[in-house]
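Working notes for the structure below.
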RNA sequence: GGUCGGAUGGCCGAGAGGCUAGGCUCAGCUCUGCAAAAGCUGCUACACCGGUUCGAAUCCGGUUCCGACCUCCA
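Residue numbers (our numbering): 155 to 646.
Okay, structure coming up:
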């Protein structure tokens, strides 16, 4: 393992050492949600994966400009270039403005993002806010000969593009395969000249609500275009990292590359990162299978597949126990296991702040801790390996507990490094925070008093009183832990 | 049908030629009035069939199954 950050680049299908284009700056673009409905749990996982990327790059000292868009127009309900705009369809069904739909689900997305402790992007641009730029990009593509207009729509000319460039290198698609489809599809009478061509500007029908004037008539931008436009505008023609779900590799990301090359002659992205999908009890999560639940349903336990609710931080922790590039399976059992593990880890984390240091017998433990702290960095450097990082944190948790039990000892210098790193990795990098309610002074005083009464009851072996206090507090969500040094308490 | 990825212990999940991943569960023990918490100990797995190698969960070939995207058919 290296001391340098390595990440898996979909483009080369290899782990590569990360080298920023213009250090210390890093440009990070992530495909955001289409706000026609509540954010999907699978979406949330992608955002969490890239939240980690953002957090870790920042930890390493990079100044990251993180752009995550909001798709509020142009994403069609059926794959391909036919079909209706997802947002517009929903708006018509509810007899409200498309922008009301956009606002509603944008708000709801932000709410969930906050619960999930996702860091807000530096810029969150929307497609409708960049119509002018999209029209300009379409024009540049036409000017360069890579697009043609038919009946007010503009299509990207893949065949033309293939003469000089590679189309399909990101997703591993072969040009010949695409060409083979051509013969059948050319007969179709489609506006497109070639099966693989894709719309970058679509003529709008009179009924369409959201539409704009353009040199080619009234229309709407194609879905793939917005990401090219907004990443170029805010991160430049070439930037560092572009992320998104696996399912976006083709055609979405492939089209982005073609558009940027077509418009500006440059491949836009140095490192492409793709997160994997979600399954439920081993099945693909999908609405048609009835096994898709929403983030809020998961938090509240309001779904028939869920035995109970799981707090946002538990779900976040659960997600991070799987590498972003692997499929992640949701099940009650797995979630419950994570819930317990999470509590244990956070407990140790809290404990780490109050550990005693020692002046002797610290050598072995010091060394062990230092090794583990180094390992935290090595694991994160290895393509953001959060599961391994968490495994190391558990090793540290075991040591923290031992130090607390005074079975091993740590020097002051190593202890303060341990405390600093625990904070960095648990809170800043993994983005986990304690979910216990903020205590106020009155509650603290109250608990101090109650525990004092209980303690004297216990000295008198008045077990009924002692247990009554413990049980009643437990009902109120306050847990008492007895130890040799007296009792402590936690509240959820 | 095409492209890509995957199959790991009771469950979840890392790893990727020799070295205990980790979490949860379960059992036993220590501590304890009881419980909880914490600690200790135990539970040795890599879909199947071949091959390469001193040595393979890890490499190669094949088989089966699963997933994503694309396509075809209906």
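Every residue, glycine too, gets a C-beta built ideally from N, C-alpha and C.
Asked: Could you pull out every residue in the same chain whose Cβ sits closer than 7 Å to the Cβ of residue 256, ignoring the five residues on either side in sequence?; Found: 189, 226 and 241
Asked: Given a threshold of 16 other Cβ atoms within 10 Å of its Cβ, counted over all protein chains shown, does residue 426 qualify as buried or as exposed?; Found: buried
Asked: Check whether the stretch 407-426 touches the stretch 208-218, taking contact to mean three or more Cβ pairs, one atom from each stretch, closer than 8 Å.; Found: no
Asked: Would you check whether the ligand FAD has a heavy atom nearer than 7 Å to the C-beta of residue 207?; Found: In terms of ligand content, the structure shown is empty, and the ligand FAD therefore cannot be addressed.
Asked: Spell out a yes or no on whether the stretch 453-465 and the stretch 485-505 are touching, meaning 3 or more CB-CB pairs, one atom from each, closer than 8 Å.; Found: yes
Asked: Just how far apart, CA to CA, sit residue 430 and residue 202?; Found: 12 Å
Asked: Residue 368 and residue 414 - do their beta-carbons sit closer together than 8 Å?; Found: no
Asked: Per DSSP, which residues does residue 375 bridge with? Please list them.; Found: 355
Asked: Since residue 358 and residue 373 are thought to touch, with beta carbons under 8 Å apart, how far apart are those beta carbons, to the nearest angstrom?; Found: 5 Å
Asked: What is the rounded straight-line gap between the Cα of residue 624 and the Cα of residue 634?; Found: 6 Å
Asked: So, under 8 Å CB-CB, residue 196 and residue 439 are touching, yes? Tell me the CB distance rounded to an integer number of Å.; Found: 6 Å
Asked: By the 10 Å Cβ neighbour count, where 16 or more other Cβ atoms means buried, how is residue 436 classified, buried or exposed?; Found: exposed
Asked: For residue 546, name the three-state secondary structure that DSSP assigns.; Found: helix
Asked: Thinking just about the alpha-carbon of each residue, which of 537, 185, 632 and 630 is nearest to the one in residue 277?; Found: 185
Asked: Grab me the residues of residue 301's own chain with a C-beta within less than 8 Å of its C-beta, minus the 5 sequence neighbours each way, in chain order.; Found: 292, 295, 308, 309, 310, 311, 354 and 416
Asked: Could you compute how far the alpha carbon of residue 448 sits from the alpha carbon of residue 519?; Found: 44 Å
Asked: Name the DSSP beta bridge partners of residue 594, please?; Found: DSSP output for residue 594 lists no bridge partner at all.
Asked: Note down the Cα distance separating residue 322 from residue 316, rounded to an integer number of angstroms.; Found: 10 Å
Asked: Please report the Cβ distance between residue 569 and residue 511, rounded to the nearest whole angstrom; I am assuming they are in contact, meaning their Cβ atoms lie under 8 Å.; Found: 5 Å
Asked: Can you grab the Cα-Cα spacing for the pair residue 345 / residue 252, in whole Å?; Found: 27 Å
Asked: Is the Cβ-Cβ distance between residue 218 and residue 183 less than 8 Å?; Found: no
Asked: In three-state DSSP terms, what is residue 170?; Found: strand
Asked: Using the C-alpha atoms, what's the distance from residue 290 back to residue 239?; Found: 22 Å
Asked: In this structure, how does DSSP classify residue 310 when only helix, strand and coil are distinguished?; Found: strand
Asked: Among all the DSSP beta bridges, which residues are the ones paired with residue 219?; Found: 181
Asked: Considering just the uninterrupted stretch of the alpha helix (DSSP H) at residue 161, what are its terminal residues?; Found: Element bounds for residue 161: not the alpha helix (DSSP H) but the beta strand (DSSP E), 160-163.
Asked: Which full runs of the alpha helix (DSSP H) of 4+ residues lie inside the stretch 224-307, going along the chain?; Found: 240-248, 252-269 and 285-297
Asked: With a threshold of 8 Å, are at least 3 pairs of Cβ atoms found where one atom belongs to the stretch 496-507 and the other to the stretch 548-557?; Found: yes
Asked: Per DSSP, residue 641 forms a beta bridge with which residues?; Found: 636
Asked: Ordered along the chain, which non-local residues of its own chain (more than five positions away) have a Cβ less than 7 Å from that of residue 542?; Found: 533
Asked: Can you check whether the CB of residue 539 is closer than 8 Å to the CB of residue 158?; Found: no
Asked: Answer with buried or exposed for residue 596, where buried requires no fewer than 16 other C-beta atoms within 10 angstroms of its C-beta.; Found: exposed
Asked: If you follow the alpha helix (DSSP H) that residue 624 is in, where does it begin and where does it stop?; Found: 617-629
Asked: Which term fits residue 205, buried or exposed, when burial requires 16 or more other beta carbons within 10 angstroms of its beta carbon?; Found: buried
Asked: With three or more beta-carbon pairs closer than 8 Å as the criterion, would you say the stretch 258-273 touches the stretch 401-410?; Found: no
Asked: Less than 8 Å between the beta carbons of residue 304 and residue 193, yes or no?; Found: no
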